[in-house]
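First residue of the sequence shown: 82, per the numbering used here; consecutive thereafter. For each residue, glycine too, the CB sits at the ideal point set by N, CA and C. Following: one structure in C-alpha cells, then a few remarks.
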Amino acid sequence: MGTVPVSVFIVVAFVSVVMRRFSFVNGAAIPSAVDGPFKPVTVPLDKSFRGHAVDLPDNDPRVQRIATGYWEPEQIFVSLSSTHDSVWISWITGEFQIGENIKEMDPKTVGSVVKYGRWRFGMTKRAMGHSLVYSQLYPFKGLQNYTSGIIHHVRLTGLKPNTFYYYQCGDPSIPAMSDVHYFRTMPASGPRSYPGRIAIIGDLGLTYNTTSTIDHLMSNHPNLVLLIGDASYANLYLTNGTGADCYSCAFSDTPIHETYQPRWDYWGRFMQPLVSKVPLMMIEGNHEIEEQIEKKTFAAYSARFAFPSEESGSSSTFYYSFNAGGIHFVMLGGYTDYNKSGDQYQWLKKDLAKVDRKVTPWLVATWHPPWYSTYTAHYREAECMRVAMEDLLYKYGVDIVFNGHVHAYERSNRVYNYNLDPCGPVHITIGDGGNREKMAITHADEPGNCPKPSTTLDKFMGGFCAFNFTSGPASGKFCWDRQPDYSAYRESSFGHGILEVKNETHALWTWYRNQDAYGTTGDVVYIVRQPDRCPVEPNVIN
C-alpha cells in the first residue's frame, strides 16, 4: 500500500497479531501506554548493589592499543548518515602525544580510504574521506597538553537498505588496512519498516559497571545504539592521569577544569568490538564540554565522532537528525543555544516541518539533560531549554524523548508542561550506563531533599527559569511532596534500554538492569501512538 495510510481494520488486525506474540514477558502481561496514566512506582533502593564504579586502569587489555603497525587503524566506528543509503566509517591512525611539548601530526601523512562491498571477498567499492587532529591545550605551567592521532571520517553512499556490507579502512598505499569488519544498513523509511532493536544508553563512562552494561547490551543484539551524552568521563581526571569520582570535591583548587584525554582513546578501544559493526549515534553531554585554552570547548566530541549534520541541514555537531526506517530521530543540544531566536531552534522548526508522518510515523527526540526527572540530582536544571522548546516538540507530536545526565532510570507518563497529557511524549531518563560518579538515589519529593531553586541552574548555559509551580498538587512549591503524577516508574540501578518499534502505532520499550540475569527485564511497556486522537502539525516544507 506504499505510503497510503492503512485502514483501521488492517491496523487492528496487525496490532492484534503483534500483541499476541509480544504481550507477555517473564510470565506477566506487558502494560500498554493506552492503559495509563500509570500510578507512580518507586522501586526501593537495593542497598546491597552498587556495582563496581571503578574506572578500568590503563593496563587493562581492553583499553590498550592492539594495532600492530603505527598506521594501522584503531578505534573503528560506524555511524549513520541522515538516510538508509549512507553511513560514516571513522577510525584513528598513529598515536596520541601527551606532555608539555607536543607537536600535532600532519593529517595528510596517511590516506583515508574505505574498501567495501556486499561480500567479504568482493569489496570492490572504494570511498575516500577527510582526516583531522585535535589538541587539548592548557595555558598553565605544569599541565600536560594532548594532541590526538589522525582521525579519519569517510562517508559511504549508494548503499542498499537493510543489507550487510563488509569493509576495511585505512591507507592501502602504505599498506595499512584494518581487519575486515561488517555493518548492516538501516531499513528504508516507510510505515512498516523498522530496525529490529535500538539500544539506548547514557552516561556510560569506562568502569567495570560500563563493561557490564555493554555486555548486557550486546547480548540483546541491537541494530543501532544511541548514546545520550557523557561517553568517556575524561574530565574526571587531571592531566597527569589522577582521577576522582567527584572532580570539584577532589580538585577544587585547579586553575581550569582539567581532563586526561587518553581516556578517550581507551574508551574508543573498548567500544570498538561493538561499534565497528553496530552504528553508534552520539549527542553531547556536559562531560564533553572540556574547556581548554581560549575557552574552546567540545574539541574531542566534535573531532572523534562523525555526525550527519550537513546531510540533515544542520550547521553544528551539537544537533542533527536522521531516519532509521520509519523513525525520525532528532538529536538536540542541551549545551548550545536553544532559545527561539537561535540557530538550533530555527533548524529544529524546519526539520520538524519536513517530517512526513506517513513515511516516518514515529518521531523520537533526544538530548542530554532531562526535563522530567524527579531525582534531586540535576532537578529542573534544564528548565530554560524546556520553556524554549517544549511547545514546538508538542506541536509536532514527538512520541518519545530520551535523556541522560541523571544517573538512574525513570520513565514518565505522557506529559506536557508538567501536566498529564495523552498527546504529550513519554520521557525516559536513562543516564544509568555505569560511570564512576555512581548512582543518583535521592528524590526531590522526599522530605529534606528538595533543592533550593537558586542551586538548580545549569552552570555552563546560565539562565534561570525554574520557579515554583503555579498550579496542580505542587502549586506554590518548587517540588512535589510525593512522587509526581507524571512519573510512572523510577529506580536507581545501572542498565540499558531496548526500543523495538513494531508498527505505525506500537513500540515495545524494555529496560534491563545490570545486576539481573541476561534477558531478565526491569521495566517493560508498550508505548502506543494514537494519531487519530492526537493529530500532529502537517508537514509544510517539501
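Quiz item: Does the Cβ of D284 have 16 or more other Cβ atoms within 10 Å, making it buried, or fewer, making it exposed?
Solution: buried
Quiz item: On the premise that G198 lies in contact with M204, defined as a C-beta separation below 8 angstroms, what is that separation, rounded to the nearest angstrom?
Solution: 4 angstroms
Exercise. If I'm right that G169 touches H234 with Cβ under 8 angstroms, what's the distance once you round it to whole angstroms?
Key: Looking at the sequence itself, residue 169 is Trp, so the reference to Gly does not match. About 6 angstroms separates the two Cβ atoms, so the contact holds.
Quiz item: Of the residues W590, A387, G414, R143, which one's Cα is nearest the Cα of M466?
Solution: G414
Quiz item: Going by DSSP, which residues form a beta bridge with N484?
Solution: T510
Exercise. Might you give, ordered along the chain, the residues of its own chain that have their beta carbon closer than 8 angstroms to the beta carbon of R102, omitting 5 neighbours on each side?
Key: In this prediction, R102 scores a pLDDT of 41, lower than 50, which makes its location untrustworthy; no coordinate-derived value is stated.
Quiz prompt | Local Cβ density within 10 Å of N182, reported as buried at 16 or more and exposed below that | solution = exposed
Quiz item: Quick check: the stretch 215-222 against the stretch 154-161, are there 3 or more CB pairs under 8 angstroms?
Solution: no
Self-check item: Reduced DSSP category for C250 - H, G, I as helix; E, B as strand; rest coil
Solution: The answer is strand: DSSP assigns C250 an E or B state.
Quiz item: Counting along the chain, where does the alpha helix (DSSP H) carrying L474 start and finish?
Solution: 464-476
Exercise. To the nearest angstrom, report how far apart V479 and A114 are at their CA atoms.
Key: Cα to Cα, V479 sits roughly 15 angstroms from A114.
Practice problem: Just mark R201 as buried or exposed, buried being the case when its beta carbon has 16 or more other beta carbons within 10 Å. | Solution: exposed
Exercise. To the nearest angstrom, report how far apart M186 and S229 are at their CA atoms.
Key: 8 angstroms
Quiz item: M258 bridges to which residues according to DSSP?
Solution: G251
Practice problem: Have a look at K241 and R265 and give me their C-alpha separation to the nearest angstrom. | Solution: Near 10 angstroms, if we compare the C-alpha coordinates of R265 and K241.
Quiz item: Can you tell me the Cα-Cα spacing of Y247 and S160, whole angstroms?
Solution: 15 angstroms
Quiz item: Exposed or buried, E391, counting other C-beta atoms within 10 Å across all chains shown (16 or more means buried)?
Solution: By the Cβ-count criterion, E391 is exposed, with fewer than 16 other Cβ atoms from all chains shown falling within 10 Å of its own Cβ.
Quiz item: Three or more beta-carbon pairs under 8 angstroms between the stretch 318-337 and the stretch 256-276, yes or no?
Solution: Under the Cβ criterion (8 angstroms, minimum of three pairs), the stretch 318-337 does not count as touching the stretch 256-276.
Quiz item: In chain order, which beta strand (DSSP E) runs of at least 3 residues are fully inside the stretch 355-412?
Solution: 361-363, 401-405, 408-412
Practice problem: Measure the CB-CB distance between L307 and F158 and report whether it falls below 9 angstroms. | Solution: no
Quiz prompt | Ordered list of beta strand (DSSP E) runs contained in the stretch 577-618, each at least 3 residues | solution = 587-594, 604-609
Practice problem: My understanding is that P276 touches I579, with C-beta atoms under 8 angstroms, so please give their C-beta distance in whole angstroms. | Solution: The pair is not a contact, with the Cβ atoms about 11 angstroms apart (cut-off 8 angstroms).
Quiz item: What are the uninterrupted segments assigned as beta strand (DSSP E) that are 3 or more residues long and contained completely in the stretch 258-300, given in chain order?
Solution: Correct list: 262-265, 279-282.
Quiz prompt | Y289 versus I608, F575, R610, L589, residue with shortest Cα-Cα distance | solution = F575
Self-check item: Cross-strand partners of K558 (DSSP beta bridge)
Solution: Paired residue(s): none; K558 is not in a bridge.
Quiz item: Who are the near neighbours of P616 in its chain, counting only those whose CB is closer than 6 angstroms to its CB and skipping five residues on each side?
Solution: none
Quiz item: Going straight from the alpha carbon of P612 to that of K439, what length do you get?
Solution: 11 angstroms
Practice problem: Given a cut-off of 9 angstroms, decide if T551 and G544 are closer than it, judged by their beta-carbon atoms. | Solution: no
Practice problem: State the start and end residues of the unbroken beta strand (DSSP E) segment that holds W172. | Solution: In this chain, the beta strand (DSSP E) harbouring W172 covers 168-174.
Self-check item: Residue interval of the alpha helix (DSSP H) (run including A569)
Solution: Element bounds for A569: not the alpha helix (DSSP H) but the beta strand (DSSP E), 568-572.
Exercise. Taking only the alpha-carbon atoms, compute the straight-line gap between G132 and P125 and give it to the nearest angstrom.
Key: 16 angstroms
Quiz item: Can you list, in chain order, the residues of its chain whose CB lies under 7 angstroms from that of Q596, leaving out five sequence neighbours each side?
Solution: F130, S574
Quiz item: Can you tell me where the alpha helix (DSSP H) with W428 in it begins and where it stops?
Solution: Taken as a continuous stretch (DSSP letters only), the alpha helix (DSSP H) holding W428 covers 424-435.
Quiz item: DSSP beta-bridge partners for I232?
Solution: I173, L213
Quiz item: Which two residues bound the contiguous alpha helix (DSSP H) that contains A446?
Solution: For A446, there is no enclosing alpha helix (DSSP H); the residue is part of the beta strand (DSSP E) that begins and ends at 443-447.
Quiz item: For I608, which of N494, N498, S568 has the nearest alpha-carbon?
Solution: N494
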